[in-house]
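Q: Residue numbers (our numbering): 14 to 696. C-beta atoms are modelled at their ideal positions from N, C-alpha and C, and glycine is treated no differently.
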Ligand SMILES: NC(=O)c1ccc[n+]([C@@H]2O[C@H](COP(=O)([O-])OP(=O)(O)OC[C@H]3O[C@@H](n4cnc5c(N)ncnc54)[C@H](O)[C@@H]3O)[C@@H](O)[C@H]2O)c1
Ligand SMILES: [Zn+2]
């Protein structure tokens, strides 16, 4: 086989192994760990064979790794770095030196763990963060346990912050222990190796499974201590209701320094942890694996009240605990910061634990918040394993600080792309499965918001949400805006799905064009129920959350040109729209003190994509104006000042403008999106 063919084979095996290992959560956390292979490729400069290291690049995830996610480095040059290595105090300088070892510029950026993979003298290396392995790594007698479980086949390497020196340590340990298949990295995870990809994978799995089996066979029955009276999980419905009632306050707590998106879970592992006596002591000790605490902060905020505590008592206590948490975090920063440490990044918790209810985790977007929660579940599993066998002893606070405020970590954060304009904002759009509402939901999501698509039909709502993005971006749900209980449930689902609510669009509507004498009471009621009463119900349910969150917010009404224009044959619809328009002014006046802005949009003649027009209204309007139905859009365009047809996207643009930072000082306003209709000028 040619050198190129062999290189392709090595990369193919590495990707397949990475994907297999990464897709089982028992093996490593999301985006945690890395895998590598060494092999031969042709040097395009000389045509000669050179030895390369292929290793997962910075920020990638093993489960979904592709060849593009690999960094490719010249092995001779990477290993030569050992001779210029200036010592552990200046080990960070070696990261910049990796750039001078790259083989071409196609690959991903090399991660901090590159040294470990290059320096260890084995063709294939895995570094993983399995819960079972970290349990051994964080047990106070981890070294002795490692001997007991593995004899001399797996060796203990004491905690050291990832970097060049840790790579040298592991390489030296392997040279001194030729029988070893891998090591337990104190406080951190495992590294395993092999001569072939299959052998390496087998060794990784052996360490993970043997550690898990040992824990299962030797753990004491109640690793988290005896059951705590009153701390058991609440029954399903009660738990969900309490979670939803607390969510706005919890988001306010997590967002004191900067706004956050949230994730809620009532996973069995979390509820069980909180139901047992040792959880306060263990939670205080914090997480240990660097991957874990970078996302979870050094420790969570834990509500120290039983599950049965009332929502009011819980909120009062959470407020006290928040102040204490912030003071403690500031003290942790002050104790550990040196003159060149980056500035404090905010003192609010990223993980909040509520006994009987579950865990709320926070991040700059839904994915980050969700993964933070996943990592805390990893940490709970680690604590359970370590406490089952021995005593959980995570790395020291000063070491955690050295990672959290590491110059390299700070540089990574600085390199992150600027957040989108609506990042961290959570939107609920009613009637968003079709027409204007769908265009609004799509635009808000494109600008970085998390979006809930609410509409009558659950399948249509879900389909519209799926078109917009995955469940970290948009979810669909059924909510008839005329039904107060359904609207409350939709708001609850919103706060439980994304942590809160910031931006509400009252868009649901329908239209029956009839002159007075043909308009039935039922016609009147239906339109007033959906548009006037429905908007009131939605605004009321949403305002409770907006006020409790203390983050301000936006309510936007999609009213209509017809709210001020006395068009033909339109009594019920236009009156309902006028009602909505006045709600804008009334609520702008009432909610201003909470930083909530309330504005409206007056669209006109949006024919394309509109279910209202397709469902009979179009035909009727066309008849009223005496034009064929398919020319109605063009007819509306002709009678405008700008002679332009109005599309759903134009209305969505106006919603975005109203909610963006540029109109931060505007409330009680209606924006016409009608291409210019003199009769509908506002005055
Ligand atoms: N199309 C226009 O020219 C125009 C002009 C001015 C105002 N508007 C307003 O814009 C909004 C959207 O209209 P569109 O043209 O996109 O119509 P559309 O029919 O395409 O969308 C309206 C959506 O609202 C939903 N809906 C109806 N009743 C509901 C209820 N009780 N609960 C929840 N959802 C409900 C429908 O299922 C539908 O998906 C309406 O309020 C409408 O009055 C439209
Ligand atoms: Zn690691």
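Are the stretch 308-318 and the stretch 354-363 in contact at 8 Å, needing three or more beta carbon pairs?
A: These segments touch.
Q: Which residues in the same chain have their Cβ closer than 6 Å to the Cβ of residue 501, if we skip the five residues on either side of it in sequence?
A: Taken in chain order, the residues that qualify are 554.
Q: Assign residue 185 to buried or exposed, taking buried as 16 or more other Cβ atoms, counted over all protein chains shown, within 10 Å of its Cβ.
A: By the neighbour-count rule (16 or more Cβ atoms within 10 Å), residue 185 is not buried but exposed.
Q: Closer than 7 Å is what we want: which residues have a beta carbon that near any heavy atom of ligand 2? List them in chain order.
A: Any residue whose Cβ sits closer than 7 Å to a heavy atom of ligand 2 makes the list: 45, 46, 126, 140, 142, 175, 201, 202, 302, 303 and 304.
Q: To the nearest angstrom, how far is the alpha carbon of residue 463 from that of residue 676?
A: Rounded to the nearest angstrom, the two C-alpha atoms are 20 Å apart.
Q: Within the same chain, show all residues whose beta-carbon is closer than 7 Å to that of residue 386, passing over the 5 residues directly before and after it, in chain order.
A: Contacts found: 276, 278, 372 and 374.
Q: How about residue 77: is its Cβ closer than 7 Å to a heavy atom in ligand 1?
A: No.
Q: Compute the minimum distance between the beta carbon of residue 6 and the heavy atoms of ligand 1, and state whether it is under 7 Å.
A: Residue 6 lies beyond the range of the chain shown here (14 to 696); nothing can be said about it.
Q: Give a yes or no on contact between the stretch 33-40 and the stretch 214-224, applying the rule of three or more CB pairs nearer than 8 Å.
A: Enough Cβ pairs lie closer than 8 Å, so yes.
Q: Run the proximity test for residue 520: is its beta-carbon closer than 7 Å to any non-hydrogen atom belonging to ligand 1?
A: Yes, ligand 1 has a heavy atom inside 7 Å of this Cβ.
Q: Grab the span of the beta strand (DSSP E) containing residue 323 for me, first residue to last.
A: From DSSP, residue 323 is part of no beta strand (DSSP E); its letter is neither H nor E.
Q: Beta carbon of residue 552, beta carbon of residue 593: below 8 Å?
A: No, they are not a contact pair.
Q: I believe residue 430 touches residue 461 by the beta-carbon criterion, under 8 Å. Please report the beta-carbon distance rounded to the nearest angstrom.
A: About 11 Å; that fails the 8 Å criterion.
Q: Does the distance between the C-beta of residue 633 and the nearest non-hydrogen atom of ligand 1 fall short of 7 Å?
A: Checking the Cβ of residue 633 against ligand 1 gives no.
Q: Quick one: which unbroken beta strand (DSSP E) runs of 3-plus residues sit fully inside the stretch 254-279? Chain order, please.
A: 274-278, all fully within the stretch 254-279.
Q: Report yes if the C-beta distance between residue 516 and residue 672 is below 8 Å; otherwise report no.
A: Yes, these two residues count as a Cβ contact at 8 Å.
Q: Output the distance between the C-alpha atoms of residue 642 and residue 627, rounded to the nearest integer angstrom.
A: Each residue's alpha carbon lies about 9 Å from the other.
Q: Quick one: does the C-beta of residue 447 sit closer than 7 Å to a heavy atom of ligand 1?
A: Yes - ligand 1 has a heavy atom lying nearer than 7 Å to the Cβ of residue 447.
Q: Nearer than 7 Å: is that true of the beta carbon of residue 700 relative to any heavy atom of ligand 1?
A: Residue 700 lies beyond the range of the chain shown here (14 to 696); nothing can be said about it.
Q: Count the C-beta pairs between the stretch 319-331 and the stretch 290-302 that are closer than 8 Å, then say yes if the count reaches three, no if not.
A: Result no; under three Cβ-Cβ pairs closer than 8 Å.
Q: Are the beta-carbon atoms belonging to residue 158 and residue 314 less than 8 Å from one another?
A: Their beta carbons are not under 8 Å apart, which means residue 158 does not touch residue 314 by this criterion.
Q: Please determine whether the Cβ atom of residue 617 lies at a distance below 7 Å from any heavy atom of ligand 1.
A: Yes, the Cβ of residue 617 comes within 7 Å of a heavy atom of ligand 1.
Q: Residue 46 and residue 137 - do their beta-carbons sit closer together than 8 Å?
A: In this structure, residue 46 does not lie closer than 8 Å to residue 137 by Cβ.
Q: In chain order, what residues of the same chain have a beta carbon less than 6 Å from the beta carbon of residue 540, not counting five sequence neighbours either side?
A: Once the five neighbours on either side are set aside, the close Cβ partners of residue 540 are 585, 586 and 589.
Q: Please name the residue, chosen from 214, 104, 227 and 206, that lies closest to residue 173 on a Cα-to-Cα basis.
A: Residue 104 is the option with its Cα nearest to residue 173.
Q: I need the DSSP call for residue 552, collapsed to helix, strand or coil.
A: Residue state, collapsed to three classes: helix.
Q: Say the cut is 7 Å; is the CB of residue 494 nearer than that to a heavy atom of ligand 1?
A: It does: the Cβ of residue 494 is within 7 Å (strictly closer) of some heavy atom of ligand 1.
Q: I think residue 543 touches residue 495, with their Cβ atoms under 8 Å apart; what is that distance to the nearest whole Å?
A: Confirmed, Cβ separation roughly 6 Å.
Q: Keeping to the same chain, check which residues put their C-beta closer than 7 Å to that of residue 599; ignore five residues upstream and five downstream.
A: The answer is none, since no qualifying residue turns up.
Q: At the level of alpha carbons, what is the spacing between residue 74 and residue 145?
A: Using only the alpha carbons, I get a separation of about 20 Å.
Q: Buried or exposed for residue 119, going by 16 or more other Cβ atoms inside 10 Å?
A: Burial call: exposed.
Q: Quick one: give me the first and last residue of the beta strand (DSSP E) that residue 614 is part of.
A: Unbroken beta strand (DSSP E) run through residue 614: 609-616.
Q: Is residue 107 near ligand 1, judged by its Cβ being under 7 Å from some heavy atom?
A: Result no, Cβ not under 7 Å from ligand 1.
Q: Does ligand 1 have a heavy atom nearer than 7 Å to the CB of residue 441?
A: The answer is no for residue 441.
Q: Would you check whether ligand 1 has a heavy atom nearer than 7 Å to the C-beta of residue 625?
A: Yes, the Cβ of residue 625 comes within 7 Å of a heavy atom of ligand 1.
Q: Name the one or two DSSP bridge partners that residue 69 has.
A: According to DSSP, which records beta bridges pairwise, residue 69 is partnered with 83.
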